[in-house]
Each structure stands twice: as structure tokens, then as C-alpha cells.
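Residue numbers (our numbering): 17 to 177.
In what follows, a structure is listed as C-alpha cells, so that the remarks can point back to it.
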């Protein structure tokens, strides 16, 4: 097992080996015992685990204004201590928005995305007559056609994906 994987395990599962994946636990524990920086990282993670456990188990009466203020302070401290995580969350959120906008721009830039006269080889639009017993089947066929046009990527869209 590599040091990088042990660091990932400690970061993901905490400082207590009982929470680590069983198939990697023994090898990770052996490496931590032989590597002082890994042992220090594990001890630091245990401290964070204890803080989180103590904070989560603290009972706060709903009518006690002092306890409410203490809970607000604890939340603010926890929020401020997680600054690097917040940065990644914001970056992921911003990246998702940017990707959505880029995909929208690609989809709207396609010439066939702009309404206009139908191509000569395009199938005629489905006509549904009121009171027609086959109208429901025609509507279902039309819905399937629309579904396929909207959710089937073109070769250009597949390149983007």
C-alpha cells in the first residue's frame, strides 16, 4: 500500500482504523505504525473526529437563548475552519454552472436548433384529431419522437460530453 492511499483513507474515513475499509485496514495500519508523518496525520484526524463527535452530541435546549448563541458560535467556528473545503465546493458549483452554460451554448449553436422551415426529408408533423381513438397512439409516437430528438446527443454533442 502506498502512503498516498493511506492519506486518502485517513482524509475520507477519519483517524480511527475501525472506520477504514476492511480490505485495506491491516495494510494501512502497518504503514501508519512505521511512518511518523502518517501517524501524525492520523492523530490530527482523531482530534477532528473527537471535535465533531463532541459538537454533534451536545444537547441544546430550544428555549435557552444562551445555548442558542453558543450553538451559533460553534457553527460559525466550524464554518470558518472548513475554508479549504468551502473553496472546493464553490469551485465545483461554479464549474457545474459553467459546464451547463457551455452545453447550452453548444446546443443552441446547432443550425437545426433554430426553428425554421422543415427540411424536405423531415417526417411530417403528427396530426391528432379530437375524438380519434388512435389519437393516443399518435400522441405517444409523437412524444417518443420528441424524446429521441431532445435526449439523443448528436455527434458534435458526444464530442463535448
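Note that CB positions come from ideal geometry on N, CA and C, so glycine has one too.
Roughly how many angstroms lie between the CA atoms of residue 50 and residue 56, to the nearest whole one?
12 angstroms
For residue 148 and residue 158, I'd like the C-alpha separation in whole angstroms.
Here residue 148 scores only 48 on pLDDT, less than 50, and its place in the model is too uncertain to base an answer on.
Taking all protein chains shown into account, decide if residue 20 is buried (16 or more other Cβ within 10 angstroms of its Cβ) or exposed.
exposed
Hey, is the region 60-70 in contact with the region 27-36, meaning 3+ C-beta pairs nearer than 8 angstroms?
yes
Starting from residue 53, trace the alpha helix (DSSP H) in both directions and tell me its first and last residue.
52-73
For the alpha helix (DSSP H) that contains residue 241, what are its first and last residues?
A question about residue 241 goes unanswered here, because the residues of the chain that appear run from 17 up to 177.
Could you check if residue 36 is buried or exposed, using at least 16 other CB atoms within 10 Å of its CB as the buried criterion?
buried
Need the endpoints of the alpha helix (DSSP H) that residue 34 sits in, please.
No alpha helix (DSSP H) contains residue 34, which DSSP labels as neither H nor E.
By how many angstroms is the C-alpha of residue 173 removed from the C-alpha of residue 123?
8 angstroms
DSSP three-state label for residue 80, please.
Residue state, collapsed to three classes: coil.
Where does residue 162 land, buried or exposed, given buried means 16+ other C-beta within 10 angstroms?
exposed
State the start and end residues of the unbroken alpha helix (DSSP H) segment that holds residue 18.
That residue, residue 18, is in no alpha helix (DSSP H); it is neither H nor E in DSSP.
For residue 44, count the other beta carbons within 10 Å of its own beta carbon; 16 or more makes it buried, fewer makes it exposed. Which is it?
buried
Which residues in the same chain have their Cβ closer than 8 angstroms to the Cβ of residue 47, if we skip the five residues on either side of it in sequence?
Counting only Cβ-Cβ distances below 8 angstroms, and skipping sequence neighbours, we find 17, 19, 22 and 54.
With residue 119 and residue 176 assumed to form a contact (beta carbons below 8 angstroms), what rounded beta-carbon distance in angstroms separates them?
Residue 119 to residue 176, Cβ: 7 angstroms. Contact.
Whose C-beta lies closer than 7 angstroms to the C-beta of residue 90 among residues of the same chain, with five residues either side of it excluded?
Only 71 meet the Cβ criterion.
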